[in-house]
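Chemist: Residue numbers (the numbering used here), protein chains in the order written: chain P, 94 to 499; chain V, 92 to 255; chain R, 2 to 157.
Positions of the beta carbon are idealized from the N, C-alpha and C atoms, including for glycine.
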């Protein structure tokens, strides 16, 4: 029996782009247990939404997450429109879907790069992020901003797509499709990638259902669930696409699902542009939203995003509840890591495409008051301790070194 | 069993003793209120017999005169079943569903931390989402709560620690 | 100025190593920081590379309104960086709280927790703005070094 060692990972860690911490208990090289601690990114957005008018809420909700900003704002607006019984014009629905798909492309390419970085395949990171810039330029062209597009308004969208822009979208999609074919080739033929990702982070279909995995994480375990198909919103009822699933159930499966979904997105964009109806962009909306409640669902790049909204007849919501896909997926991470290697931890965490700013949108944090009572050191005394330790044992006085440097 | 109206009809027939109110808001949206006494019993039936086998999330509400918990469930046809349970203001508590859905753990801890609704049978663990040092009895999502109880003052690092 | 110092300063100006920290940001600025490192913008042209540990870094690229939970961690990371160190606040939230200002769980701006040398506004700040900010920061540092040098010579 080897000794158990606890290794804390995070909140600041090179493998994590966002703060979250994982206490990994190791038995030798293998993970015995993992404790996930999220909540570093809490800003209190749900409470803030209750204090702001609907129009401001849209922009606030958009800033829940910078990567899936359009997902959150669309999901929230759909709930508002359902309560107020507003039918948006078809062209607006098409444009929402179009921006949503462009966002999915940018998010999946981003994920591909981050995942490649976690396994030390930086060439792929540079490739996929270079291609991602094609989508970013397109989004900047269509909406005026690279991230946080703010294209939605209650009752429709605020910006039209011109014929010229249509041509540019199609051109960009052609370029991206060509590049994605290359990634499909890499994913199916590159032996290092297959060997590195196969059998890592395994989760069976039963476990995935039980733990509530959504989006590509669930679909890679064979759960055929996609809100775009199950509960069509915007213009998804009018386009033809396939829900990609995979039965590998591991990180490799998740990579394959995402890459194949890119191909579906290109096809959806082409169909949307072909059918784009000629109607106004938005309808007029009353400032006061009637009393009611609604649940709105949206297939964000990471999975199902669900918003619950309750209105009380004023210009401010009574209660807004957001559930981002990462919250559903983060609980399956401990199952995926069971008996895995420590070296697999970063890629398994990255494979669910975590987005902790979404997850933590409503978690509150305060200074650790109770730490003083326990035998844990707060960071100031820990720092003093380390300075004294070096002085005593190594004869280095850090305070002096600082003065010399000046 | 695919459309919301069929499900509503069936539920009205089968579970009339549990249900306080049920209606289909639109295609694929069912709202349902059950009596707290029968909550666990009926919840198990909805999950095991009616095929609502996926929990999306749990919302907690402060309705001023009472608390309400809403379980957002869905089945494989994309129908969303919103199960409401009303709780009294004095001593709000609800039974856990973590034995059926382990993924409900974080949502239930949210209920405990942010609204002060006691979840019976929830195993001890790291509190979520509030940190360990959070003052007792402060529940930020309650309507009568305001942030002034928190000490907003933040200590600044003295000139970047250069003179330390 | 000693020749060793001259070499160190030259190296520091030619090759600032950066560390990135998300202090409760929405990810928008974070992905733009990473985008600045990748081929189209390529901050490595200026000798910058992203480091994993604050002990190796000269510049802290920091985004987000600083949540209460992360404030202590941010200060700790800042303290671990060797002198001279610079902090760049990226994005509207990091500059002043932005859209998140007023929420009960944030302290509204990096400068509420640690001293900031450069503010880059924008929601999110675009990669070219980030690169421009870092380059301008180094220029101003170069200027201040030159002035300090002049002062020293005059006093001799």
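Specify whether the segment 432 to 445 of chain P and the segment 195 to 205 of chain V touch according to this definition: at least 3 beta carbon pairs, one from each stretch, less than 8 Å apart.
Modeler: Counting Cβ pairs under 8 Å, fewer than three are found: no touch.
Chemist: Report the three-state DSSP secondary structure of residue 114/V (helix, strand or coil).
Modeler: Strand, per DSSP.
Chemist: Could you check whether the Cβ of residue 241/V sits closer than 8 Å to any Cβ belonging to chain R?
Modeler: Judged by the 8 Å Cβ criterion, residue 241/V is in contact with chain R.
Chemist: I think residue 313/P touches residue 339/P, with their Cβ atoms under 8 Å apart; what is that distance to the nearest whole Å?
Modeler: About 5 Å separates the two Cβ atoms, so the contact holds.
Chemist: Closest by CA to residue 248/P, which one among 265/P, 151/P and 400/P?
Modeler: Residue 151/P is the option with its Cα nearest to residue 248/P.
Chemist: Give, in chain order, every residue of the segment 93 to 116 of chain R whose Cβ lies closer than 7 Å to some Cβ of chain V.
Modeler: Against chain V - using a Cβ distance shorter than 7 Å - the residues of the segment 93 to 116 of chain R are 105, 108, 113, 114, 115 and 116.
Chemist: With respect to the beta strand (DSSP E) encompassing residue 414/P, which residues constitute its N-terminal and C-terminal limits?
Modeler: Unbroken beta strand (DSSP E) run through residue 414/P: 410 to 416.
Chemist: Determine, using beta carbons only, whether residue 120/V and residue 171/V come nearer to each other than 8 Å.
Modeler: Closer than 8 Å, so yes.
Chemist: For residue 408/P, which residues from the same chain have a beta carbon less than 6 Å from its beta carbon, with the 5 sequence-adjacent residues on both sides left out?
Modeler: Here the set comprises 146, 380 and 381.
Chemist: In chain order, what residues of the same chain lie with their CB nearer than 8 Å to the CB of residue 222/P, ignoring the 5 residues before and after it?
Modeler: Cβ within range, chain order: 202, 203 and 206.
Chemist: If we cut at 8 Å on Cβ distances, does residue 59/R have a partner in chain P?
Modeler: Chain P contact via Cβ: absent.
Chemist: Starting from residue 115/V, find everything on chain B with Cβ-Cβ shorter than 7 Å and list it in chain order.
Modeler: Annotation note: the requested chain B is absent from the structure, which comprises protein chains P, V and R.
Chemist: Compare the Cα-Cα distances from residue 101/P to each of 118/P, 109/P, 342/P and 174/P and report the closest residue.
Modeler: For residue 101/P, the nearest C-alpha among the options comes from 118/P.
Chemist: Against chain P, with Cβ distances strictly below 8 Å, would residue 28/R count as a contact?
Modeler: Yes, residue 28/R counts as interfacial toward chain P.
Chemist: Determine, for residue 245/P, whether the minimum Cβ-Cβ distance to residues of chain R falls below 8 Å.
Modeler: Closer than 8 Å: no.
Chemist: Give every residue of the same chain whose Cβ lies closer than 7 Å to the Cβ of residue 335/P, excluding the five residues on either side of it in the sequence, and list them in chain order.
Modeler: Within the same chain, residue 335/P has close Cβ partners 357.
Chemist: Just checking, does the segment 125 to 145 of chain V make contact with the segment 159 to 170 of chain V on the three C-beta pairs under 8 Å criterion?
Modeler: Yes, the segment 125 to 145 of chain V touches the segment 159 to 170 of chain V.
Chemist: If you run the structure through DSSP and keep just helix, strand and coil, what is residue 159/V?
Modeler: Residue 159/V: strand per DSSP, three-state reduction.
Chemist: Between which two residues does the alpha helix (DSSP H) carrying residue 23/R extend?
Modeler: Looking at the DSSP string, residue 23/R is not in any alpha helix (DSSP H); the run it does join, the beta strand (DSSP E), is 19 to 23.
Chemist: Going along the chain, which unbroken runs of the alpha helix (DSSP H) with 4 or more residues stay wholly within the segment 254 to 330 of chain P?
Modeler: As far as the segment 254 to 330 of chain P is concerned, its whole alpha helix (DSSP H) runs of at least 4 residues are 256 to 282, 284 to 290, 298 to 303, 308 to 312 and 320 to 323.
Chemist: Which runs of the beta strand (DSSP E) fall wholly inside the segment 128 to 191 of chain V and span at least 3 residues, in chain order?
Modeler: As far as the segment 128 to 191 of chain V is concerned, its whole beta strand (DSSP E) runs of at least 3 residues are 145 to 153, 158 to 165, 171 to 178 and 184 to 186.
Chemist: Spell out the partners DSSP gives residue 429/P in its beta bridges.
Modeler: Residue 429/P is not bridged to any residue.
Chemist: Quick one: is residue 233/V near chain P, going by C-beta distance under 8 Å?
Modeler: With 8 Å as the cut-off, residue 233/V does not count as an interface residue toward chain P.
Chemist: Relative to the C-alpha of residue 127/V, which residue among 104/V, 189/V and 210/V is closest?
Modeler: Of 104/V, 189/V and 210/V, the residue nearest in Cα terms is 210/V.
Chemist: By Cβ distance, which residues of its chain are closer than 7 Å to residue 95/V, with the 5 residues on each side in sequence left out?
Modeler: Closer than 7 Å at the Cβ level, and outside the excluded window around residue 95/V, lie 115, 118, 119, 120, 121 and 170.
Chemist: Would residue 99/R pass as a contact of residue 128/R if the rule is Cβ separation under 8 Å?
Modeler: Cβ atoms of residue 99/R and residue 128/R: not closer than 8 Å.
Chemist: Just the C-alpha distance for residue 20/R and residue 56/R, rounded to the nearest angstrom, thanks.
Modeler: Using only the alpha carbons, I get a separation of about 9 Å.
Chemist: Looking only at its own chain, which residues have a Cβ that is under 6 Å from the Cβ of residue 249/V, when we skip the five neighbours before and after it?
Modeler: Confidence is the limiting factor: at residue 249/V the pLDDT is only 43, short of 50, which leaves the residue's position unreliable, though a coordinate-based value still follows. Result list for residue 249/V: empty, nothing under 6 Å.
Chemist: Assess contact between the segment 105 to 114 of chain R and the segment 7 to 23 of chain R, defined as three or more Cβ pairs (one per stretch) separated by less than 8 Å. Is contact present?
Modeler: With a cut-off of 8 Å, the segment 7 to 23 of chain R and the segment 105 to 114 of chain R do not count as touching, because too few Cβ pairs lie within range.
Chemist: Where do the ends of the alpha helix (DSSP H) carrying residue 219/P lie?
Modeler: That run of the alpha helix (DSSP H) goes 215 to 236.
Chemist: Just the chain P side, please: which residues come within less than 7 Å of residue 110/V by C-beta, in chain order?
Modeler: Ordered by position in chain P, no residue passes the 7 Å Cβ test against residue 110/V, which lies about 18 Å from the chain.
Chemist: Taking 8 Å as the cut-off, decide whether the C-beta atoms of residue 78/R and residue 61/R are in contact.
Modeler: Yes, the pair counts as a contact, with Cβ atoms nearer than the cut-off.
Chemist: What in chain V is Cβ-close to residue 435/P, meaning under 9 Å?
Modeler: Under the 9 Å cutoff, chain V gives no residues; its nearest Cβ is about 21 Å from residue 435/P.
Chemist: Could you compute how far the alpha carbon of residue 467/P sits from the alpha carbon of residue 226/V?
Modeler: In this predicted model, residue 467/P has a pLDDT of only 38, less than 50, meaning its place in the structure is not dependable; the value taken from the coordinates is given anyway. Residue 467/P and residue 226/V: Cα-Cα distance of roughly 16 Å.
Chemist: Can you give me the Cβ contacts of residue 44/R inside the same chain, cut-off strictly under 6 Å, excluding the 5 residues immediately before and after it?
Modeler: Contacts found: 37, 38 and 132.
Chemist: For residue 48/V, which option in 145/V, 181/V and 106/V has the closest C-alpha, if you only look at C-alpha atoms?
Modeler: Residue 48/V lies beyond the range of chain V shown here (92 to 255); nothing can be said about it.
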